[in-house]
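Add 203 to a position in the sequence shown, counting from 1, and you land on the number used in the numbering used here. All C-beta atoms in this analysis are idealised placements derived from N, C-alpha and C, irrespective of residue type, glycine included. A quick note: this is a predicted structure, and the numbers were derived from the prediction, not measured.
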Amino acid sequence: MRYEVPYLSETRRFSLLIIVLIGTLLGPLDSAVNIAFPDITSSFGLELKAIRWVVIAYLATYASLMLVFGRVGDLIGHNRVFIAGLVVCILGFGICSIATSYNWLLVFRVLQGIGTALVLSCGPALATSLYSERWRPRVLGAYAMMFGLGGALGPSLGGWLVEHWGWQAVFWFRLPIALIALLLSLVLRMPMPERDHGSFDLGGAVLLAMTTALLLATITQLDRASENLTLVTLLFAFTVSAVAFFIVRSVRSSNPIIDLRTFSEFSFTWMNIATIAVNLAGFATMLFVPYFLVRVSELTLSESGLIMAVGPVGMMIASKSAGHVLPHVGAQRLAIVAGFLVASGLLWMSYWGASTGSIILCAALLLHGIGLGLFQVAALDFIASALPVSQRGVAGSLALVMRTIGVVISASVLTIAFAHFQTVFAPGGADGFVSAFQQVFWYAAVGLAGFVAASLLRMVRWRRRNS
(Lines of atoms letter the chains of each structure in order from A and count residues from 1; the text may use other names and numbers.)
(Lines give C-alpha, C1' and ligand atoms only; values in the text may rest on other atoms or scores of the structure.)
Protein backbone atom coordinates (compact mmCIF):
# COMPACT_ATOMS: atom_id res chain seq x y z
CA MET A 1 0.00 0.00 0.00
CA ARG A 2 1.41 3.41 -0.95
CA TYR A 3 1.14 5.96 1.84
CA GLU A 4 2.97 9.01 0.54
CA VAL A 5 0.69 11.30 -1.47
CA PRO A 6 3.13 13.60 -3.33
CA TYR A 7 0.51 15.16 -5.63
CA LEU A 8 -1.28 16.95 -2.78
CA SER A 9 -0.44 20.57 -2.09
CA GLU A 10 0.91 21.31 1.36
CA THR A 11 -2.22 23.33 2.15
CA ARG A 12 -4.58 20.48 1.26
CA ARG A 13 -2.34 17.93 2.95
CA PHE A 14 -2.43 19.96 6.17
CA SER A 15 -6.20 20.53 5.88
CA LEU A 16 -6.82 16.80 5.57
CA LEU A 17 -4.59 16.13 8.58
CA ILE A 18 -6.63 18.64 10.59
CA ILE A 19 -9.83 16.72 9.72
CA VAL A 20 -8.29 13.50 11.04
CA LEU A 21 -7.14 15.26 14.20
CA ILE A 22 -10.57 16.81 14.83
CA GLY A 23 -12.23 13.42 14.48
CA THR A 24 -9.62 11.82 16.72
CA LEU A 25 -10.28 14.48 19.36
CA LEU A 26 -13.75 13.02 19.97
CA GLY A 27 -12.26 9.99 21.72
CA PRO A 28 -10.03 11.70 24.30
CA LEU A 29 -12.71 14.33 24.95
CA ASP A 30 -14.48 11.49 26.74
CA SER A 31 -12.30 12.48 29.69
CA ALA A 32 -15.07 15.01 30.36
CA VAL A 33 -17.18 12.07 31.51
CA ASN A 34 -14.70 11.34 34.31
CA ILE A 35 -15.22 14.72 35.93
CA ALA A 36 -18.97 14.02 35.79
CA PHE A 37 -18.58 10.78 37.80
CA PRO A 38 -19.70 12.34 41.12
CA ASP A 39 -22.79 13.86 39.47
CA ILE A 40 -23.69 10.62 37.64
CA THR A 41 -23.18 8.69 40.88
CA SER A 42 -25.54 10.94 42.84
CA SER A 43 -28.11 11.30 40.02
CA PHE A 44 -28.63 7.55 39.72
CA GLY A 45 -28.00 6.72 43.40
CA LEU A 46 -24.95 4.55 42.70
CA GLU A 47 -22.18 3.19 44.90
CA LEU A 48 -18.67 4.39 44.08
CA LYS A 49 -17.56 1.08 42.57
CA ALA A 50 -20.59 0.96 40.24
CA ILE A 51 -19.42 4.00 38.27
CA ARG A 52 -16.65 1.92 36.68
CA TRP A 53 -19.25 0.40 34.34
CA VAL A 54 -19.57 3.77 32.60
CA VAL A 55 -15.90 3.39 31.69
CA ILE A 56 -15.92 -0.36 31.07
CA ALA A 57 -19.03 -0.45 28.83
CA TYR A 58 -17.43 2.13 26.56
CA LEU A 59 -13.82 1.02 26.60
CA ALA A 60 -14.50 -2.72 26.40
CA THR A 61 -16.64 -2.17 23.30
CA TYR A 62 -14.09 -0.25 21.29
CA ALA A 63 -11.21 -2.38 22.56
CA SER A 64 -12.88 -5.54 21.23
CA LEU A 65 -13.67 -3.99 17.84
CA MET A 66 -10.77 -1.68 17.06
CA LEU A 67 -8.41 -4.25 15.53
CA VAL A 68 -11.25 -5.63 13.42
CA PHE A 69 -12.13 -2.17 12.12
CA GLY A 70 -8.44 -1.44 11.50
CA ARG A 71 -8.26 -4.49 9.26
CA VAL A 72 -11.50 -3.47 7.52
CA GLY A 73 -9.92 -0.08 6.85
CA ASP A 74 -6.86 -1.73 5.31
CA LEU A 75 -9.19 -3.57 2.91
CA ILE A 76 -11.92 -1.08 1.97
CA GLY A 77 -10.24 2.24 2.74
CA HIS A 78 -9.53 3.97 6.03
CA ASN A 79 -11.52 7.08 5.10
CA ARG A 80 -14.75 5.09 4.68
CA VAL A 81 -14.38 3.55 8.13
CA PHE A 82 -13.49 6.96 9.60
CA ILE A 83 -16.61 8.62 8.16
CA ALA A 84 -18.84 5.75 9.33
CA GLY A 85 -17.40 6.24 12.80
CA LEU A 86 -18.26 9.93 12.82
CA VAL A 87 -21.88 9.12 11.96
CA VAL A 88 -22.15 6.54 14.76
CA CYS A 89 -20.47 8.93 17.23
CA ILE A 90 -23.04 11.63 16.45
CA LEU A 91 -25.85 9.19 17.19
CA GLY A 92 -24.11 7.93 20.34
CA PHE A 93 -23.52 11.39 21.82
CA GLY A 94 -27.13 12.35 21.20
CA ILE A 95 -28.77 9.36 22.87
CA CYS A 96 -26.29 9.21 25.80
CA SER A 97 -27.33 12.76 26.72
CA ILE A 98 -31.01 11.76 26.99
CA ALA A 99 -30.55 8.50 28.93
CA THR A 100 -33.28 8.23 31.57
CA SER A 101 -31.73 5.41 33.62
CA TYR A 102 -28.29 4.09 34.45
CA ASN A 103 -28.91 0.87 32.50
CA TRP A 104 -29.87 2.79 29.37
CA LEU A 105 -26.80 5.00 29.76
CA LEU A 106 -24.62 1.87 29.73
CA VAL A 107 -26.37 0.57 26.59
CA PHE A 108 -25.84 3.88 24.81
CA ARG A 109 -22.19 3.93 25.91
CA VAL A 110 -21.76 0.68 23.99
CA LEU A 111 -22.98 2.42 20.82
CA GLN A 112 -20.61 5.29 21.52
CA GLY A 113 -17.80 2.76 21.88
CA ILE A 114 -18.56 1.36 18.42
CA GLY A 115 -18.29 4.85 16.93
CA THR A 116 -15.02 5.53 18.72
CA ALA A 117 -13.59 2.20 17.52
CA LEU A 118 -14.43 3.10 13.91
CA VAL A 119 -12.83 6.55 14.17
CA LEU A 120 -9.71 5.70 16.17
CA SER A 121 -8.93 2.43 14.35
CA CYS A 122 -8.07 4.28 11.15
CA GLY A 123 -6.88 7.61 12.56
CA PRO A 124 -3.13 6.85 12.66
CA ALA A 125 -3.25 5.21 9.21
CA LEU A 126 -5.06 8.19 7.69
CA ALA A 127 -2.69 10.70 9.29
CA THR A 128 0.49 8.92 8.21
CA SER A 129 -0.90 8.29 4.70
CA LEU A 130 -0.66 12.00 3.97
CA TYR A 131 3.12 12.24 4.47
CA SER A 132 6.26 10.30 3.67
CA GLU A 133 7.65 7.74 6.12
CA ARG A 134 10.39 10.09 7.29
CA TRP A 135 7.67 12.35 8.68
CA ARG A 136 5.94 9.49 10.49
CA PRO A 137 7.23 10.26 14.03
CA ARG A 138 6.17 13.90 13.78
CA VAL A 139 2.76 13.05 12.33
CA LEU A 140 2.19 10.49 15.08
CA GLY A 141 3.35 13.11 17.58
CA ALA A 142 0.64 15.46 16.29
CA TYR A 143 -1.87 12.61 16.43
CA ALA A 144 -0.92 11.78 20.03
CA MET A 145 -1.25 15.47 20.92
CA MET A 146 -4.99 15.13 20.36
CA PHE A 147 -5.17 12.73 23.28
CA GLY A 148 -3.45 15.33 25.43
CA LEU A 149 -5.62 18.16 24.09
CA GLY A 150 -8.79 16.14 24.64
CA GLY A 151 -7.61 15.16 28.09
CA ALA A 152 -6.93 18.82 28.92
CA LEU A 153 -10.15 20.25 27.50
CA GLY A 154 -12.36 17.40 28.68
CA PRO A 155 -12.06 17.82 32.46
CA SER A 156 -12.02 21.65 32.39
CA LEU A 157 -14.98 21.89 30.03
CA GLY A 158 -16.66 18.97 31.76
CA GLY A 159 -16.53 20.61 35.18
CA TRP A 160 -18.04 23.83 33.84
CA LEU A 161 -20.70 22.02 31.80
CA VAL A 162 -21.77 19.77 34.68
CA GLU A 163 -22.10 22.74 37.03
CA HIS A 164 -24.40 24.54 34.58
CA TRP A 165 -26.28 21.76 32.73
CA GLY A 166 -25.65 18.50 34.58
CA TRP A 167 -23.85 15.33 33.52
CA GLN A 168 -25.77 15.12 30.22
CA ALA A 169 -23.73 18.03 28.86
CA VAL A 170 -20.49 15.99 28.78
CA PHE A 171 -22.04 14.03 25.92
CA TRP A 172 -23.96 16.57 23.83
CA PHE A 173 -21.16 19.16 23.69
CA ARG A 174 -19.26 16.85 21.30
CA LEU A 175 -22.09 16.77 18.75
CA PRO A 176 -21.03 19.94 16.86
CA ILE A 177 -17.39 18.82 16.80
CA ALA A 178 -18.36 15.49 15.24
CA LEU A 179 -20.64 17.25 12.74
CA ILE A 180 -17.83 19.61 11.68
CA ALA A 181 -15.43 16.69 11.16
CA LEU A 182 -18.07 14.80 9.16
CA LEU A 183 -18.94 17.74 6.89
CA LEU A 184 -15.27 18.54 6.24
CA SER A 185 -14.59 14.87 5.47
CA LEU A 186 -17.35 14.89 2.86
CA VAL A 187 -16.32 18.23 1.31
CA LEU A 188 -12.52 17.80 1.35
CA ARG A 189 -12.32 14.20 0.19
CA MET A 190 -9.42 12.17 1.47
CA PRO A 191 -7.34 10.60 -1.34
CA MET A 192 -7.73 6.84 -1.55
CA PRO A 193 -4.35 5.05 -1.37
CA GLU A 194 -3.94 1.67 -2.99
CA ARG A 195 -5.65 -0.82 -0.68
CA ASP A 196 -4.64 -4.23 0.58
CA HIS A 197 -6.30 -6.71 -1.79
CA GLY A 198 -6.29 -9.61 0.69
CA SER A 199 -9.49 -11.20 1.95
CA PHE A 200 -11.22 -10.43 5.23
CA ASP A 201 -11.04 -13.21 7.81
CA LEU A 202 -14.58 -12.96 9.18
CA GLY A 203 -14.18 -15.96 11.48
CA GLY A 204 -10.95 -14.55 12.88
CA ALA A 205 -12.61 -11.16 13.37
CA VAL A 206 -15.48 -12.69 15.34
CA LEU A 207 -13.08 -14.74 17.45
CA LEU A 208 -10.87 -11.71 18.12
CA ALA A 209 -13.83 -9.60 19.24
CA MET A 210 -15.12 -12.45 21.42
CA THR A 211 -11.68 -13.06 22.92
CA THR A 212 -11.17 -9.42 23.84
CA ALA A 213 -14.70 -9.06 25.20
CA LEU A 214 -14.42 -12.24 27.29
CA LEU A 215 -11.01 -11.21 28.63
CA LEU A 216 -12.33 -7.84 29.73
CA ALA A 217 -15.52 -9.38 31.13
CA THR A 218 -13.41 -11.75 33.24
CA ILE A 219 -11.33 -8.88 34.57
CA THR A 220 -14.36 -6.78 35.45
CA GLN A 221 -15.93 -9.64 37.42
CA LEU A 222 -12.91 -10.26 39.64
CA ASP A 223 -14.54 -8.39 42.50
CA ARG A 224 -17.38 -10.93 42.46
CA ALA A 225 -15.10 -13.97 42.76
CA SER A 226 -15.92 -14.44 46.44
CA GLU A 227 -19.67 -14.13 45.77
CA ASN A 228 -19.91 -16.05 42.50
CA LEU A 229 -16.79 -18.11 41.91
CA THR A 230 -18.61 -20.24 39.32
CA LEU A 231 -19.29 -17.25 37.06
CA VAL A 232 -15.70 -16.01 37.20
CA THR A 233 -14.35 -19.53 36.59
CA LEU A 234 -16.63 -20.01 33.58
CA LEU A 235 -15.63 -16.64 32.13
CA PHE A 236 -11.97 -17.51 32.57
CA ALA A 237 -12.47 -20.90 30.89
CA PHE A 238 -14.33 -19.32 27.97
CA THR A 239 -11.58 -16.71 27.62
CA VAL A 240 -8.82 -19.33 27.47
CA SER A 241 -10.83 -21.34 24.93
CA ALA A 242 -11.44 -18.25 22.78
CA VAL A 243 -7.73 -17.39 22.85
CA ALA A 244 -6.84 -20.92 21.75
CA PHE A 245 -9.38 -20.90 18.91
CA PHE A 246 -8.20 -17.46 17.76
CA ILE A 247 -4.55 -18.55 17.70
CA VAL A 248 -5.38 -21.68 15.69
CA ARG A 249 -7.55 -19.68 13.29
CA SER A 250 -4.88 -16.99 12.78
CA VAL A 251 -2.12 -19.54 12.14
CA ARG A 252 -4.21 -21.35 9.53
CA SER A 253 -5.57 -18.22 7.82
CA SER A 254 -3.78 -16.86 4.75
CA ASN A 255 -4.98 -13.33 5.64
CA PRO A 256 -5.30 -13.16 9.45
CA ILE A 257 -6.53 -10.05 11.22
CA ILE A 258 -3.01 -9.79 12.67
CA ASP A 259 0.00 -11.96 11.95
CA LEU A 260 0.82 -13.52 15.33
CA ARG A 261 4.35 -14.37 14.20
CA THR A 262 5.21 -10.74 14.84
CA PHE A 263 4.92 -11.42 18.57
CA SER A 264 7.87 -13.82 18.36
CA GLU A 265 10.07 -10.70 18.42
CA PHE A 266 10.86 -9.85 22.05
CA SER A 267 10.95 -6.09 21.48
CA PHE A 268 7.53 -6.10 19.79
CA THR A 269 5.94 -8.18 22.54
CA TRP A 270 7.59 -6.06 25.23
CA MET A 271 6.27 -2.81 23.76
CA ASN A 272 2.73 -4.16 23.78
CA ILE A 273 3.02 -5.43 27.37
CA ALA A 274 4.60 -2.14 28.42
CA THR A 275 1.69 -0.25 26.87
CA ILE A 276 -0.72 -2.24 29.04
CA ALA A 277 1.41 -1.73 32.17
CA VAL A 278 1.90 2.03 31.74
CA ASN A 279 -1.79 2.66 31.12
CA LEU A 280 -2.88 0.29 33.90
CA ALA A 281 -0.93 2.31 36.43
CA GLY A 282 -1.41 5.67 34.75
CA PHE A 283 -5.21 5.56 34.57
CA ALA A 284 -5.36 5.76 38.37
CA THR A 285 -5.31 9.54 38.01
CA MET A 286 -8.50 9.61 35.94
CA LEU A 287 -10.24 7.18 38.30
CA PHE A 288 -9.46 8.73 41.68
CA VAL A 289 -8.01 12.24 41.37
CA PRO A 290 -11.40 13.85 40.51
CA TYR A 291 -12.83 12.45 43.76
CA PHE A 292 -9.74 13.58 45.70
CA LEU A 293 -10.01 17.15 44.41
CA VAL A 294 -13.73 17.40 45.26
CA ARG A 295 -13.83 15.45 48.56
CA VAL A 296 -10.43 16.15 50.09
CA SER A 297 -9.18 19.39 48.54
CA GLU A 298 -12.80 20.67 48.55
CA LEU A 299 -12.50 22.35 45.16
CA THR A 300 -15.43 23.18 42.90
CA LEU A 301 -15.99 21.08 39.79
CA SER A 302 -14.63 23.89 37.61
CA GLU A 303 -11.49 24.22 39.73
CA SER A 304 -11.06 20.44 39.75
CA GLY A 305 -11.41 20.36 35.98
CA LEU A 306 -8.69 22.97 35.53
CA ILE A 307 -6.26 21.06 37.75
CA MET A 308 -7.11 17.78 36.02
CA ALA A 309 -6.23 19.47 32.72
CA VAL A 310 -2.60 19.99 33.77
CA GLY A 311 -1.64 16.35 33.13
CA PRO A 312 -2.99 16.31 29.57
CA VAL A 313 -1.24 19.64 28.89
CA GLY A 314 2.02 17.92 29.82
CA MET A 315 1.00 15.06 27.56
CA MET A 316 0.49 17.52 24.67
CA ILE A 317 3.88 19.13 25.16
CA ALA A 318 5.62 15.76 25.42
CA SER A 319 3.84 14.32 22.37
CA LYS A 320 4.96 17.23 20.22
CA SER A 321 8.53 16.98 21.49
CA ALA A 322 8.62 13.19 21.11
CA GLY A 323 8.14 13.46 17.36
CA HIS A 324 11.44 15.35 17.13
CA VAL A 325 13.36 13.34 19.75
CA LEU A 326 12.28 9.86 18.67
CA PRO A 327 14.48 9.51 15.54
CA HIS A 328 17.57 10.28 17.64
CA VAL A 329 17.04 8.10 20.73
CA GLY A 330 14.84 5.24 19.48
CA ALA A 331 11.39 4.13 20.59
CA GLN A 332 12.47 1.62 23.25
CA ARG A 333 14.77 4.02 25.09
CA LEU A 334 12.14 6.73 25.02
CA ALA A 335 9.54 4.28 26.34
CA ILE A 336 11.80 3.33 29.27
CA VAL A 337 12.35 6.97 30.25
CA ALA A 338 8.64 7.67 29.87
CA GLY A 339 7.72 4.72 32.10
CA PHE A 340 9.94 6.00 34.90
CA LEU A 341 8.39 9.49 34.58
CA VAL A 342 4.87 8.09 34.89
CA ALA A 343 5.89 6.05 37.95
CA SER A 344 7.52 9.13 39.51
CA GLY A 345 4.34 11.16 39.05
CA LEU A 346 2.24 8.42 40.65
CA LEU A 347 4.65 8.12 43.59
CA TRP A 348 4.43 11.88 44.16
CA MET A 349 0.62 11.64 44.20
CA SER A 350 0.79 8.91 46.84
CA TYR A 351 1.95 11.60 49.31
CA TRP A 352 -0.98 13.93 48.69
CA GLY A 353 -3.13 14.90 51.66
CA ALA A 354 -5.73 17.43 52.73
CA SER A 355 -3.07 20.13 53.12
CA THR A 356 -1.44 19.60 49.70
CA GLY A 357 -1.41 22.88 47.77
CA SER A 358 -2.49 23.43 44.19
CA ILE A 359 1.09 23.88 42.96
CA ILE A 360 2.10 20.42 44.19
CA LEU A 361 -1.08 18.90 42.76
CA CYS A 362 -0.34 20.44 39.37
CA ALA A 363 3.37 19.54 39.40
CA ALA A 364 2.70 15.85 40.03
CA LEU A 365 0.02 15.71 37.34
CA LEU A 366 2.30 17.52 34.88
CA LEU A 367 5.14 15.01 35.43
CA HIS A 368 2.70 12.14 35.00
CA GLY A 369 1.31 13.66 31.79
CA ILE A 370 4.75 14.21 30.26
CA GLY A 371 5.57 10.56 30.82
CA LEU A 372 2.33 9.38 29.21
CA GLY A 373 2.82 11.67 26.21
CA LEU A 374 6.35 10.45 25.53
CA PHE A 375 5.35 6.81 25.93
CA GLN A 376 2.33 7.02 23.66
CA VAL A 377 4.30 8.35 20.69
CA ALA A 378 7.09 5.81 21.25
CA ALA A 379 4.60 2.92 21.29
CA LEU A 380 2.65 4.15 18.24
CA ASP A 381 5.79 4.63 16.17
CA PHE A 382 7.42 1.35 17.21
CA ILE A 383 4.35 -0.78 16.46
CA ALA A 384 3.70 1.04 13.17
CA SER A 385 7.28 0.40 12.01
CA ALA A 386 7.16 -3.27 13.05
CA LEU A 387 4.19 -4.18 10.82
CA PRO A 388 3.99 -3.94 7.00
CA VAL A 389 2.72 -0.66 5.56
CA SER A 390 -0.23 -2.59 4.09
CA GLN A 391 -1.34 -3.25 7.69
CA ARG A 392 -1.07 0.32 8.92
CA GLY A 393 -4.70 0.24 10.10
CA VAL A 394 -4.02 -2.86 12.19
CA ALA A 395 -0.82 -1.31 13.55
CA GLY A 396 -2.50 1.87 14.75
CA SER A 397 -5.38 -0.13 16.20
CA LEU A 398 -3.09 -2.55 18.04
CA ALA A 399 -1.31 0.25 19.89
CA LEU A 400 -4.62 1.74 20.98
CA VAL A 401 -6.10 -1.65 21.92
CA MET A 402 -3.18 -2.39 24.26
CA ARG A 403 -3.63 1.05 25.79
CA THR A 404 -7.34 0.37 26.28
CA ILE A 405 -6.80 -3.06 27.82
CA GLY A 406 -4.54 -1.42 30.40
CA VAL A 407 -7.21 1.19 31.13
CA VAL A 408 -9.97 -1.41 31.57
CA ILE A 409 -7.82 -3.54 33.86
CA SER A 410 -7.08 -0.39 35.83
CA ALA A 411 -10.76 0.54 36.08
CA SER A 412 -11.52 -2.88 37.53
CA VAL A 413 -8.50 -3.89 39.60
CA LEU A 414 -7.60 -0.50 41.06
CA THR A 415 -11.22 0.21 41.97
CA ILE A 416 -11.34 -3.11 43.84
CA ALA A 417 -8.05 -2.28 45.58
CA PHE A 418 -9.32 1.18 46.51
CA ALA A 419 -12.53 -0.21 48.02
CA HIS A 420 -10.48 -2.74 50.01
CA PHE A 421 -8.08 -0.14 51.41
CA GLN A 422 -10.93 2.22 52.27
CA THR A 423 -12.65 -0.56 54.24
CA VAL A 424 -9.43 -1.40 56.06
CA PHE A 425 -8.50 2.14 57.11
CA ALA A 426 -11.79 3.89 57.96
CA PRO A 427 -15.06 2.90 56.28
CA GLY A 428 -16.88 5.92 54.87
CA GLY A 429 -14.60 8.51 56.46
CA ALA A 430 -12.49 11.22 54.84
CA ASP A 431 -9.35 9.82 56.46
CA GLY A 432 -10.14 6.41 55.02
CA PHE A 433 -10.50 7.90 51.56
CA VAL A 434 -7.10 9.64 51.76
CA SER A 435 -5.36 6.53 53.11
CA ALA A 436 -6.88 4.34 50.39
CA PHE A 437 -5.89 6.91 47.76
CA GLN A 438 -2.30 6.98 48.98
CA GLN A 439 -2.02 3.19 49.11
CA VAL A 440 -3.39 2.66 45.59
CA PHE A 441 -1.04 5.23 44.08
CA TRP A 442 1.97 3.91 46.01
CA TYR A 443 1.42 0.35 44.78
CA ALA A 444 0.75 1.55 41.22
CA ALA A 445 3.99 3.57 41.23
CA VAL A 446 6.17 0.84 42.71
CA GLY A 447 4.67 -1.82 40.46
CA LEU A 448 5.26 0.20 37.29
CA ALA A 449 8.78 1.24 38.35
CA GLY A 450 9.63 -2.40 39.06
CA PHE A 451 8.37 -3.48 35.64
CA VAL A 452 10.35 -0.77 33.84
CA ALA A 453 13.52 -1.49 35.85
CA ALA A 454 13.27 -5.23 35.10
CA SER A 455 12.71 -4.45 31.41
CA LEU A 456 15.74 -2.18 31.32
CA LEU A 457 17.91 -4.86 32.94
CA ARG A 458 16.66 -7.44 30.42
CA MET A 459 17.46 -5.15 27.49
CA VAL A 460 20.95 -4.36 28.77
CA ARG A 461 21.75 -8.07 29.20
CA TRP A 462 20.38 -8.87 25.72
CA ARG A 463 22.50 -6.16 24.08
CA ARG A 464 25.64 -7.27 25.93
CA ARG A 465 25.02 -10.85 24.83
CA ASN A 466 24.64 -9.79 21.21
CA SER A 467 27.43 -7.22 21.11
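(message) Excluding the 5 residues flanking Phe471 on each side, which residues of the same chain have their C-beta closer than 7 angstroms to its C-beta?
(response) Thr465, Ala589
(message) Could you tell me the alpha carbon to alpha carbon distance between Val610 and Ala328, rounded to whole angstroms?
(response) 23 angstroms
(request) Go through the segment 359-422 residue by residue and report every complete run of the alpha helix (DSSP H) that reaches 4 residues or more, in order. (result) 372-375, 378-390
(message) Under 8 angstroms: do the segment 598-614 and the segment 363-378 share three or more Cβ pairs, one atom per stretch?
(response) no
(request) List in chain order: all unbroken alpha helix (DSSP H) runs of 4+ residues lying wholly within the segment 471-495. (result) 487-494
(request) Over the uninterrupted alpha helix (DSSP H) stretch that includes Ser456, give me the two end residues. (result) Run containing Ser456: none; DSSP gives neither H nor E here.
(request) Could you tell me which of His623, Ile539, Leu463 sits nearest to Leu660, measuring between CA atoms? (result) Ile539
(request) Check whether the Cβ atoms of Ala266 and Gly357 lie closer than 8 angstroms to each other. (result) no
(request) Determine the closest residue to Ile259 out of Thr423, Gly560, Ile520, with distance taken between C-alpha atoms. (result) Thr423
(request) Label Asp634 either buried or exposed according to how many other C-beta atoms from any shown protein chain fall within 10 Å of its C-beta, with 16 as the threshold for buried. (result) exposed
(message) In chain order, what are the residue ranges of uninterrupted beta strand (DSSP E) at least 3 long that sit wholly in the segment 240-312?
(response) none
(request) Evaluate Asn306 with the Cβ neighbour count: other Cβ atoms within 10 Å of its Cβ, from every protein chain shown; 16 or more gives buried, anything less gives exposed. (result) exposed
(request) Pick out whichever of Gln641, Phe439, Glu366 has its Cα sitting closest to the Cα of Phe624. (result) Gln641
(message) In this structure, how does DSSP classify Thr319 when only helix, strand and coil are distinguished?
(response) helix
(request) Could you tell me if Ile197 is buried or exposed, where buried requires 16 or more neighbouring beta carbons within 10 angstroms of its beta carbon? (result) Limits of the chain in this structure are 204 at one end and 670 at the other, which puts residue 197 out of reach.
(message) Nearest by alpha-carbon distance to Leu537: which of Leu270, Leu564, Ile573, Leu550 is it?
(response) Ile573
(message) For a quick check, are the C-beta atoms of Cys565 and Ile476 less than 8 angstroms apart?
(response) no
(message) If you measure between the beta carbons of Leu425 and Val616, is that distance less than 8 angstroms?
(response) yes
(request) Using the Cα positions of Glu468 and Met474, report the straight-line distance between them to the nearest angstrom. (result) 10 angstroms
(request) State the start and end residues of the unbroken alpha helix (DSSP H) segment that holds Asp584. (result) 561-589
(request) Keeping to the same chain, check which residues put their C-beta closer than 7 angstroms to that of Trp551; ignore five residues upstream and five downstream. (result) Ala567, Leu570
(request) Within its chain, find whatever has a CB closer than 6 angstroms to the CB of Glu207; leave out the 5 residues flanking it on each side and keep chain order. (result) Any reading at Glu207 needs caution, since the residue's pLDDT is 47, under 50, leaving its predicted position unreliable; the model's value is listed next. Correct list, in chain order: Ser335.
(request) Could you tell me whether the segment 213-231 touches the segment 278-293, where touching means 3 or more Cβ pairs closer than 8 angstroms? (result) yes
(request) Let me know the secondary structure DSSP gives Asn431 once reduced to three states. (result) coil
(request) Taking only the alpha-carbon atoms, compute the straight-line gap between Ser547 and Thr559 and give it to the nearest angstrom. (result) 17 angstroms
(request) Run the CB neighbour count on His367, radius 10 Å, all protein chains shown included, and call it buried at 16 or more, exposed below. (result) exposed
(message) I'd like the list of long-range same chain contacts for Tyr554, defined as Cβ closer than 8 angstroms, with 5 residues on each side in sequence excluded.
(response) Gln641
(request) Could you please give the first and the last residue of the uninterrupted alpha helix (DSSP H) stretch that includes Trp551? (result) 534-552
(request) Can you grab the Cα-Cα spacing for the pair Thr418 / Phe350, in whole Å? (result) It should be pointed out that residue 418 corresponds to Leu in this sequence rather than to Thr. Distance between the alpha carbons of Leu418 and Phe350 is about 25 angstroms.
(message) Could you tell me the alpha carbon to alpha carbon distance between Ala652 and Ile612, rounded to whole angstroms?
(response) 18 angstroms
(request) Give the range of the alpha helix (DSSP H) segment to which Gln625 is assigned. (result) 595-628
(message) The alpha helix (DSSP H) that contains Thr227, what's its start and end?
(response) 213-228
(message) Just to confirm my understanding: we take Ala420, look at its own chain, exclude 5 residues before and 5 after, and list those with CB closer than 7 angstroms. What are they?
(response) Leu438
(request) Can you tell me which of the three DSSP states Ser444 falls into? (result) helix
(message) Does the contact criterion of 3 or more C-beta pairs under 8 angstroms hold for the segment 339-353 versus the segment 575-594?
(response) yes
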